[in-house]
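Let me begin by presenting the structure, written as structure tokens, before commenting on it.
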Amino acid sequence: MLSALALIFVGCNEDEGSSEGGDSNATAEALVGKWSLDLHDYKISLNFTKTTLDIETPYSKENFTYTFKDGVLATKIVSRKVNRNDSWVDDPIHDTLKVTLYCKPIILYDSSVLVLRYDTPDMQYGQGGRGEVEFYFREGKTCPATAQDIRGNWCWRLFGEKETARATVKFEGNNFDLKILPWGERYLGTFTYENGIVVCSVTEFQVRENVSDGGSMKLEDVDKNWRLPTENDYRKEGSFGLHFSFPFITNGNESYCNIANLSALFYKL
8 MLSALALIFV GCNEDEGSSE GGDSNATAEA LVGKWSLDLH DYKISLNFTK
58 TTLDIETPYS KENFTYTFKD GVLATKIVSR KVNRNDSWVD DPIHDTLKVT
108 LYCKPIILYD SSVLVLRYDT PDMQYGQGGR GEVEFYFREG KTCPATAQDI
158 RGNWCWRLFG EKETARATVK FEGNNFDLKI LPWGERYLGT FTYENGIVVC
208 SVTEFQVREN VSDGGSMKLE DVDKNWRLPT ENDYRKEGSF GLHFSFPFIT
258 NGNESYCNIA NLSALFYKL
């Protein structure tokens with residue numbers, strides 16, 4: 008939901024032009040309908056009418072009113088229910104949720120992907136608990152992204168920092184190389200890509216000492232000090248196991264991803 012985060016990557020169709028840098032190419036009519044992001048055991052659903060937005064997760068249902076003007080989506084919460092012991096009950100709206108939230112929507116891939124950008128210069132980063140970006144797939148529509156769209160070397164960096172990385176992923180041919188620096192974990196193997204989802208099969212797992220500086224490090228150090236686990240390592244296999252998947256979508260030199268339940272904005276190196 009708008010107040011929930013997930014971890015996925017997504018790619019963009021050049022036919023719709025570049026929305027790189029947070030420019031909105033959406034229209035009010037294009038927003039209307041149902042969008043969702045299915046994270047295996049956790050699904051976030053958005054339903055836009057012409058004036059309202061309903062957001063549902065397994066744990067909450069929220070209703071918003073919204074306006075869309077000059078490429079900016081402004082939402083304000085009206086009601087909220089939470090799931091308690093399999094029953095939906097009204098939940099008081101705390102002051103922290105009563106603020107109007109602003110973002111710039113971007114429509115990609117023949118209107119099959121909706122991106123909500125919170126990190127542009129005129130947006131307030133981290134507003135209402137949001138991160139830089141969220142994205143969703145239109146229900147009932149296939150995302151036409153291909154593996155060629157996502158190939159390259161991508162970097163997730165902390166907001167406002169250009170020479171650091173929290174995670175990197177490289178797609179080359181049918182091989183992938185994913186490094187998650189706060190965990191000190193590296194996954195290498197093969198991948199397939201369909202409907203905006205990367206499916207990974209791990210052939211090698213490596214470790215390094217965890218990164219302490221907020222989970223990020225200088226780009227020049229990202230490839231250093233990786234090794235195979237030893238008997239003394241508590242991590243013999245990665246946190247994701249030998250098979251895992253995540254959504255990944257690109258838009259020019261940017262990509263959008265949700266990994267380990269965190270939405271992330273990646274940049275092409």
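Going by my numbering, the sequence shown wraps up at 276, each residue one higher than the last.
Using N, Cα and C, we set each Cβ at its ideal position, and we do this for glycine too.
Note that this is a predicted model, so its numbers are computed, not measured.
Outcome for residue i when other beta-carbon atoms lying within 10 angstroms are tallied against a minimum of 16
| i | result |
| --- | --- |
| Tyr66 | exposed |
| Ile114 | buried |
| Lys186 | buried |
| Ser262 | buried |
| Ile84 | buried |
| Asn258 | buried |
| Glu227 | exposed |
| Arg91 | exposed |
| Pro254 | buried |
| Gly248 | exposed |
| Gly28 | Confidence is the limiting factor: at Gly28 the pLDDT is only 44, short of 50, which leaves the residue's position unreliable and the question unanswerable from this model. |
| Thr58 | exposed |
| Leu276 | exposed |
| Glu244 | exposed |
| Arg242 | exposed |
| Tyr49 | exposed |
| Thr175 | buried |
Coil, strand or helix - residue i by DSSP
| i | result |
| --- | --- |
| Asp61 | strand |
| Asp98 | coil |
| Ala172 | strand |
| Thr199 | strand |
| Asp45 | strand |
| Leu53 | strand |
| Asp230 | coil |
| Ala267 | coil |
| Leu276 | coil |
| Gly28 | In this prediction, Gly28 has a pLDDT of 44, which is less than 50 and means its spatial position is unreliable; nothing more can be read from the coordinates. |
| Glu238 | coil |
| Gly133 | Confidence in Gly133 is poor, its pLDDT being 45 and thus under 50, which makes the residue's placement unreliable; the coordinate value appears in the next sentence. Of the three classes helix, strand and coil, the one that applies to Gly133 here is coil, per DSSP. |
| Thr210 | strand |
| Leu188 | coil |
| Gly141 | Position check: residue 141 holds Glu in this sequence, whereas Gly was assumed. If DSSP states are grouped into helix, strand and coil, Glu141 belongs with the strands. |
Beta-carbon proximity of residue i to residue j, cut-off 8 Å
| i | j | result |
| --- | --- | --- |
| Ala35 | Phe75 | yes |
| Phe183 | Trp42 | no |
| Val120 | Cys162 | no |
| Leu165 | Phe142 | no |
| Asn260 | Tyr274 | yes |
| Leu60 | Ile51 | no |
| Val229 | Ala154 | no |
| Ser223 | Leu269 | no |
| Gln160 | Lys177 | As written in the sequence, residue 160 is Asn, which differs from the Gln given in the question. Result yes, Cβ atoms of Asn160 and Lys177 sit closer than 8 Å. |
| Cys207 | Gly191 | no |
| Leu38 | Glu139 | no |
| Ser246 | Ile204 | no |
| Pro99 | Ala33 | no |
| Tyr109 | Ile157 | no |
| Lys105 | Trp95 | no |
| Ile256 | Ala152 | yes |
| Tyr73 | Thr64 | no |
| Gly78 | Phe55 | no |
Residues bridged to residue i [DSSP beta-bridge criterion]
| i | result |
| --- | --- |
| Ile84 | Phe71 |
| Pro112 | Leu123 |
| Gly159 | Phe178 |
| Asn90 | Trp95 |
| Asn258 | Glu261 |
| Val106 | According to DSSP, Val106 bridges with nothing at all. |
| Arg193 | Lys186 and Gln213 |
| Val79 | Lys76 |
| Phe247 | Paired residues: none, contrary to the question. |
| Val205 | Tyr200 and Phe253 |
request  = Would you check if there are 3 or more beta carbon pairs closer than 8 Å linking the region 227-235 to the region 210-217?
outcome  = At 8 Å Cβ cutoff, the stretches touch.
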